[in-house]
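Position 55 (the sequence shown) corresponds to 55 in the numbering used here; numbering is contiguous.
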Amino acid sequence: MQQIDLSPIIEPLLAWYEQNHRPLPWRDSPTPYHVWLSEIMLQQTRIEAVIPYYERFLSACPTVEALACVDDEQLMKLWEGLGYYSRARNLKKAAQRIMEQHKGELPASYEALLALPGIGPYTAGAISSIAFGLPEPAVDGNVLRVVTRLTADESDIMKDTTKRRVTASLRAMYPQAMNKAANLTQALMELGEQVCIPNGGPHCESCPLGATCMARARNLTDRIPVRTPKKERAIQPRTIFLLMHGDKVALRKRGDKGLLSGLWEFIGREGWCELPEAQAWLKEQGAHSSRLIAAPDATHIFTHIEWRMKGYFVLCDDAPSELLGQTLVWVTRKELHDMYALPTAFRAYVRALDDFSPREA
Ligand code: SF4
């Protein structure tokens, strides 16, 4: 399918955006750093959930320089709950690179932005246009949905060829005027989030592009966008052991590679253990427990896998410093909340610990 001239959408879309955009903290002062941080946080996370994280992060790291120097543990704590922690690590790496190679300022060039860790075509396009006013589109799932509907394009939006074609069509019509490029990027995003929505049907009756939309004219809005079905997630059963000694609980650090790398976690193992097996396994590992008490089951969904977890409170007679060849740290519940970043996957067990009293059990 060929590129389609999208220029007729510019003026109605910009006029609509002027009247309808939501006030968001990063829109108040769209510096390159603010746009970058917000766009990275918004990947995979809803706007409402991002706002408090964004504000807290900026108080702790108000500049690229502060981000480049932030302590790793503090960085993980600031990101705790947002998931996809490699995003935070890449932010810091990119900030260090910006300090070394760009005198502390994000570069005003799409290609130079793309060369920074964690910045892909979408984020480079967003920073280029919103912060620097360059004629570069930012094409994510929202924008793909809007454009394929506008053009009644039934190609699979999961394919790179579709994404490249949509990007090329948008780039060809992007205005050179700084303010227009910035607003057009945000207008396309806003339309995809507010009007041309994915589930429950788009609000075509209130869409500023309704008169030119080919999917609407051909009654195809429920068929477009077309996407290949996602692969089913693999289910992984796990058992979580909340090792407790006095008022402390044991944590260990995950390895440097793979899922949730470098983050703190409760002791756990693959597979579901019933109580006798759990007791025997812990003893084998050198954790002597006076009692095991069932904790609630929990589920956590990652992109490609799903953890189904069974848990135990383990009241230990002593506090071993090692288990399974790994160092344990013993922390109070307050330290657990204030100092250690645990992935959201364990949130149900942090809550279970808050509600648990060994004396009442
Ligand atoms: S008219 Fe409907 S389908 Fe077309 S862009 Fe607007 S909201 Fe989306």
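No residue lacks a Cβ here, since even glycine has one placed at the ideal position from N, Cα and C.
Check: When DSSP labels each residue in this structure, what does residue 313 get in the three-state scheme?; Outcome: strand
Check: Using a 10 Å radius around the Cβ and a threshold of 16 neighbouring Cβ atoms, would you call residue 316 buried or exposed?; Outcome: buried
Check: Does the count of Cβ pairs from the segment 279-290 and the segment 255-264 closer than 8 Å reach three?; Outcome: no
Check: Considering only residues of the same chain and omitting the five flanking positions on each side of residue 349, which have a CB-CB separation below 7 Å?; Outcome: 240, 242, 266, 295, 298, 311
Check: Tell me which residue opens and which closes the alpha helix (DSSP H) that residue 125 is part of.; Outcome: 121-126
Check: Count the other CB atoms within 10 Å of the CB of residue 60; is the residue buried (16 or more) or exposed (fewer)?; Outcome: exposed
Check: Give me the Cα-Cα distance between residue 78 and residue 212, rounded to the nearest whole angstrom.; Outcome: 44 Å
Check: According to DSSP, is residue 272 helix, strand or coil?; Outcome: coil
Check: Could you check what DSSP says for residue 34 in three-state terms: helix, strand or coil?; Outcome: helix
Check: Return helix, strand or coil for residue 244, following the three-state DSSP convention.; Outcome: strand
Check: Anyone know if the C-beta pair for residue 229 and residue 148 falls short of 8 Å?; Outcome: no
Check: Thinking C-beta only, is residue 118 closer than 8 Å to residue 139?; Outcome: no
Check: Please determine, among 172, 151, 101, the residue with the shortest C-alpha to C-alpha distance to residue 134.; Outcome: 172
Check: Can you name the start and end residues of the alpha helix (DSSP H) that residue 291 belongs to?; Outcome: Unbroken run through residue 291 is the beta strand (DSSP E), 289-301; no alpha helix (DSSP H).
Check: Assess contact between the segment 173-187 and the segment 110-117, defined as three or more Cβ pairs (one per stretch) separated by less than 8 Å. Is contact present?; Outcome: no
Check: Measuring from the CB of residue 149, is there a heavy atom of the ligand SF4 at a distance below 7 Å?; Outcome: yes
Check: Please name the residue or residues paired with residue 250 in a DSSP beta bridge.; Outcome: 330
Check: Give the straight-line distance between the Cα atoms of residue 216 and residue 131, rounded to the nearest whole angstrom.; Outcome: 33 Å
Check: Run the proximity test for residue 209: is its beta-carbon closer than 7 Å to any non-hydrogen atom belonging to the ligand SF4?; Outcome: yes
Check: Looking at residue 218 and the ligand SF4, is the gap between the Cβ and the nearest heavy atom below 7 Å?; Outcome: no
Check: Would you kindly report the start and end of the unbroken alpha helix (DSSP H) that includes residue 218?; Outcome: No alpha helix (DSSP H) holds residue 218; DSSP gives it neither H nor E.
Check: Any chance the CB of residue 202 is under 7 Å from a heavy atom of the ligand SF4?; Outcome: yes
Check: Going by other Cβ atoms of all chains shown within 10 Å of its Cβ, with 16 needed for buried, is residue 145 buried or exposed?; Outcome: buried
Check: Quick one: grab the DSSP three-state call for residue 43.; Outcome: coil
Check: Residue 283: which of 32, 314, 220 sits nearest, CA to CA?; Outcome: 314
Check: Pull up the CB-CB distance for residue 208 and residue 12, whole angstroms please, since I reckon it's below 8 Å.; Outcome: 4 Å
Check: Terminal residues of the continuous alpha helix (DSSP H) containing residue 153?; Outcome: Unbroken run through residue 153: none, as it is neither H nor E.
Check: Using the rule of at least 16 other Cβ atoms within 10 Å of the residue's Cβ for burial, across every protein chain shown, is residue 69 buried or exposed?; Outcome: exposed
Check: Just verifying my parser: in three-state terms, what is the DSSP assignment at residue 227?; Outcome: coil
Check: So the alpha helix (DSSP H) residue 168 belongs to, where does it begin and stop?; Outcome: 160-173
Check: Just verifying my parser: in three-state terms, what is the DSSP assignment at residue 12?; Outcome: helix
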